[in-house]
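Following: one structure in structure tokens, then a few remarks.
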Amino acid sequence: MNDFLNSTSVVPEFVGTREIGDTIGMCIPSVDPTLLDQLHITKKYSVLGILSARSGAGPQIMAMDEAVKATNTEVVDIELPRDTKGGAGHGSLILVGGYDPSDVRSAINVALDNLSRTFGDVYNSAAGHLELQFTARASGACHMAFGAPEGKAYGLICGAPSGIGVVMADTAIKTAGVNVLSFASPSHGTSFSNEGMVHISGDSGAVRQAVIAGREVGLKLLAQLGETPVNDFPSYIK
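If you want it as structure tokens, here you go:
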């Protein structure tokens, strides 16, 4: 990162970036009331934190889920643009609110620092991608984005092309006794992305087992399209 971008005296709202997903974090210490009235947010905090990315939605949401647990902040809006720089999935826009700029900046920093973990079970090939996420205790970000019950284990199982996601979901659900929250497909529950994605909750061990089973079949299927899918960071779902 060059000195210009690293200087918060030049851009006081800037918090940090990560090359992972082309993700940038910012904080508005006192958002303009006119803009605040126009934002589609559930609560109107005067201090807003922003996490915005070209590639990746689940990883950023999961990272922010950890951030709000660790700080005095609340997720107030999550949007999933159809993006991924031309790939099959989403980008992301996540807004968090708070009363103290230092709390909001801390939340953004925690989320940025978690990205190398939450991208650990994103597997890419030229033909598509897989994404798996798991938390033993969902918080506000998972609840807002995916309907996950707060305080309960939550898992995300996603495959692209979307048909792979359908098979991954079926395998996962059959593997362990979990609650199916929803299934998202190109015309239902996504921003017309080419993904099949199931959201599950329940007992922590069962959810983890289901996610791992979905991952195993997804890796085998996506590899049939000519290239072994690889993750850029160590897997965190064991």
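Take the sequence shown: its position 83, counting from 1, is numbered 83 in the UniProt record's numbering, and each next residue is one higher.
In this text, a Cβ means the ideal position worked out from N, Cα and C, and glycines have one as well.
* Asked: For the alpha helix (DSSP H) that contains S139, what are its first and last residues?
  -> Careful: S139 lies outside any alpha helix (DSSP H) and carries neither H nor E.
Exposure of T8, with buried meaning 16 or more beta-carbon neighbours within 10 Å
Confidence in T8 is poor, its pLDDT being 48 and thus under 50, which makes the residue's placement unreliable; the coordinate value appears in the next sentence. Result: exposed.
Notebook entry, point to check: Under the three-state reduction of DSSP, which class applies to G165: helix, strand or coil?
Noted result: DSSP places G165 in helix when its eight states are reduced to three.
**Message:** Contact defined as beta carbons within less than 8 Å: I believe T135 pairs with D65. What is the distance between those atoms, to the nearest angstrom?
**Reply:** Between T135 and D65 the beta-carbon gap is near 6 Å, inside 8 Å, which marks them as a contact.
Note to self: Just to confirm the assignment, what range does the beta strand (DSSP E) spanning N179 have?
What the structure shows: Its beta strand (DSSP E) spans residues 179-184.
Next item on the list: Indicate the three-state DSSP secondary structure (helix, strand or coil) for I41 in the structure shown.
Entry: DSSP places I41 outside both helix and strand once states are collapsed to three, so it counts as coil.
Margin query: Report the start-end ranges of each beta strand (DSSP E) in the UniProt domain "BMC circularly permuted" (14-125) that is 3 residues or longer and not cut off at the edges.
Written below: Entirely contained in the UniProt domain "BMC circularly permuted" (14-125), the beta strand (DSSP E) runs reaching 3 residues are, in chain order, 14-18, 23-28, 47-53, 74-79, 92-98, 122-124.
Using 8 Å as the cut-off, can you tell me whether the region 98-115 makes contact with the region 206-214, which would need three or more C-beta pairs spanning the two stretches below that distance? The region 206-214 and the region 98-115 do not touch, with fewer than three beta-carbon pairs separated by less than 8 Å.
* Asked: Can you tell me the Cα-Cα spacing of A88 and V198, whole angstroms?
  -> Roughly 16 Å separates the two Cα atoms.
Reduced DSSP secondary structure (H/G/I, E/B, other) of T8: Note on T8: pLDDT 48, under 50, position unreliable in the model; the coordinate value appears next. Coil, per DSSP.
Next on the checklist: Helix, strand or coil, according to DSSP, for G196 in the structure here?
Outcome noted: The three-state secondary structure of G196, taken from DSSP, is strand.
| said: Residues in the same chain with beta-carbon distance under 7 Å from P81, minus the five sequence neighbours each way, listed in chain order, please. | reply: For P81, where only same-chain residues beyond five positions count, the Cβ hits under 7 Å are H90, G91, L93, S191.
Report buried or exposed for V96, applying the criterion of at least 16 other Cβ atoms within 10 angstroms of its Cβ. Buried: at least 16 other Cβ atoms inside 10 Å.
Is N194 near A138, with beta carbons less than 8 Å apart?
Going by C-beta atoms, N194 is not nearer than 8 Å to A138.
From V122 to C158, what distance separates their C-alpha atoms?
Rounded to whole angstroms, the separation of the alpha carbons of C158 and V122 is 9 Å.
If you measure from the CB of V122, is any heavy atom of the ligand FMN nearer than 7 Å?
Absence of the ligand FMN is noted for the structure shown, with no ligands found whatsoever.
Original post:
Since A160 is in the beta strand (DSSP E), which residue starts that stretch and which ends it?
Top reply: Element bounds for A160: 153-160.
A141 vs V47 beta-carbon contact at 8 Å: Not closer than 8 Å, so no.
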